[in-house]
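Just below is one structure, and these are the notes that go with it.
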Amino acid sequence: LGHNIDYSVSPQMHNAAFRACNLPHSYQRSDYETVEEFVSTKFFTSDTFGGASVTIPHKQSIMPYVDVLSDAARSIGSVNTVTAAYHEKGSKSGNEDGDDGDATQKRTLYGDNTDWIGIYSPLSQRIATTSSGDDTKGTILILGGGGTARAAAYAAQKLNCDILYYNRTPAKAHKLATVFGGTVLPSLEETVVQSAMPYLTDRILLTAVISTLPAAAEFTLPDYLLVEGNADMVVFDVNYKPFITPLLQQAEDANLKVVRGSKMLWTQGVKQFEMWMERNAPYRIMKSVVLENCLPDTK
């Protein structure tokens, strides 16, 4: 569910997973300008609706239409995964009083957010722990101030990292800092970032940079962040198209570790599948399909 989502690789990924597991389900795009249009469709109201992935611009506007929010969705303030559970009216799960003899089904919609898992999991495998004398693993710089930036902040919080924020609209970054903690940078000038670092060092050492900026921004980092002392820094771009953004190209040229948006896509998609199906997902197949659809054409 989203708007202007012809680019999405999720249908290919999830339909391949259903086929691999011999499941009689299908996954299709639902492109609507508003959530209200979607929730009024026969598909949404029917008992064949098993759930949905939710993308921009509907991750927040879908929230009033789910019955139960996960802690992650509530903290992040957006839902990217809806799961439908059905039970008979009058059953204990559907009606605690058990006094409804109607045999029709009752539906409960659960709203969750797996975007943060798509960020947390790859980073947890790549970031090096610090020896600063406490439990903090380092400092993460988050670029952007939208919904995905909130998921990134939640992931950074779970990683027990200090957080720096930079966004061209500072008010959005300040909202993130209010909810998740951290420091807002008015600019990425070296002296500004140096003064905001939680630990005093003779150079700026970041654990990771997570860009949630649109690919069209063609953002790149200031050169001072690409020094040899930052060799362990991870550069994470949430965009999966194009496969190689200017930021990732810059990081690779500097021999830094990178995480592509394609990995975030299949990682969070695996979690969605497991929420819907209550079984293990065919990880390798989902990864393969994403890469097939994201890798640049070499012909």
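Numbering of the sequence shown is given in this note's numbering, commencing with residue 772 and proceeding in unit increments. In this text, a Cβ means the ideal position worked out from N, Cα and C, and glycines have one as well.
Can you list, in chain order, the residues of its chain with a C-beta nearer than 6 Å to that of residue i? Leave out the 5 residues immediately preceding and following it.
i	result
ASP873	For ASP873, the pLDDT reaches just 45, beneath the cut-off of 50, and the residue's location in the model is therefore unreliable, although a value from the coordinates is still provided. For ASP873, where only same-chain residues beyond five positions count, the Cβ hits under 6 Å are LYS860.
PRO1017	GLU989 and THR991
ALA1025	LEU997
HIS945	VAL955
PRO1004	As written in the sequence, residue 1004 is Met, which differs from the Pro given in the question. LEU977 and LEU1027.
May I have the straight-line CA-CA distance separating residue i from residue j, to the nearest angstrom?
i	j	result
PHE820	LEU794	15 Å
LEU912	ASP818	44 Å
GLN896	ALA923	15 Å
PHE1007	SER982	6 Å
ASN775	VAL806	13 Å
ARG1050	HIS796	14 Å
VAL950	HIS858	36 Å
LEU959	ILE975	12 Å
THR940	PRO828	19 Å
TYR1054	TYR803	29 Å
VAL980	GLY889	15 Å
MET1052	GLN799	Contrary to the premise, residue 1052 reads as Ala rather than Met in this sequence. Each residue's alpha carbon lies about 18 Å from the other.
LYS813	GLN928	40 Å
LEU772	SER966	42 Å
PRO835	ALA856	17 Å
MET968	ALA791	47 Å
GLN876	GLU808	24 Å
LEU935	GLY953	6 Å
TYR937	PRO993	13 Å
ARG845	ALA920	15 Å
ALA1002	ILE898	11 Å
TYR822	SER892	Position check: residue 822 holds Gly in this sequence, whereas Tyr was assumed. So the two alpha carbons sit approximately 23 Å from each other.
SER811	VAL964	48 Å
PRO957	LYS943	12 Å
ALA788	ILE1015	26 Å
THR1038	GLN1021	24 Å
Give the range of the beta strand (DSSP E) segment to which residue i is assigned.
i	result
HIS858	852 to 859
SER824	822 to 824
VAL980	979 to 982
GLY882	876 to 883
VAL1005	1005 to 1008
LEU935	933 to 937
Could you tell me whether the Cβ atoms of residue i and residue j are closer together than 8 Å?
i	j	result
ALA843	TYR925	yes
THR854	TRP1047	yes
GLY915	LEU984	yes
THR885	ASP838	no
GLU716	TYR995	The requested residue 716 does not occur in the structure, where the chain is confined to residues 772 to 1070.
SER801	GLN1043	no
SER832	GLY882	no
LEU947	LEU894	no
Assuming residue i is part of the alpha helix (DSSP H), what are its boundary residues?
i	result
GLY915	Premise fails: GLY915 is in no alpha helix (DSSP H) and is neither H nor E.
TYR718	Since the first residue of the chain shown is 772 and the last is 1070, residue 718 is not available in this structure.
ASP842	842 to 847
ASN786	781 to 791
LYS1105	Residue 1105 lies beyond the range of the chain shown here (772 to 1070); nothing can be said about it.
VAL806	806 to 810
Kindly list the residues whose CB is nearer than 8 Å to the CB of residue i, restricted to its own chain and excluding five residues on each side of it in sequence; keep chain order.
i	result
TYR1011	VAL780, ARG1031, GLY1032, SER1033, MET1035, LEU1036, VAL1061 and CYS1065
PRO1013	ALA986 and PRO1067
LEU1100	In the structure displayed, the chain extends from 772 to 1070; residue 1100 sits before or after that span and is not available.
GLU1045	ASN1051 and ALA1052
PHE815	PHE809
Hey, does residue i have any beta-carbon neighbour from chain B nearer than 8 Å?
i	result
VAL1060	No chain B appears in the structure shown, which is made up of a single protein chain.
Could you pull out every residue in the same chain whose Cβ sits closer than 7 Å to the Cβ of residue i, ignoring the five residues on either side in sequence?
i	result
LYS830	SER849, VAL850, ASN851 and GLY918
GLN783	VAL1060 and ASN1064
TRP887	ALA843, ILE847, ALA922, TYR925 and ALA926
GLY1040	SER781, MET784, HIS785 and MET1057
Length at least 3, wholly inside the stretch 1025 to 1055: the beta strand (DSSP E) runs in chain order | 1028 to 1030
Where are the alpha helix (DSSP H) runs, 4 residues long or more, that stay fully inside the stretch 947 to 973, in chain order?
-> Considered as a whole, the stretch 947 to 973 harbours 961 to 967 as its complete alpha helix (DSSP H) runs of no fewer than 4 residues, in chain order.
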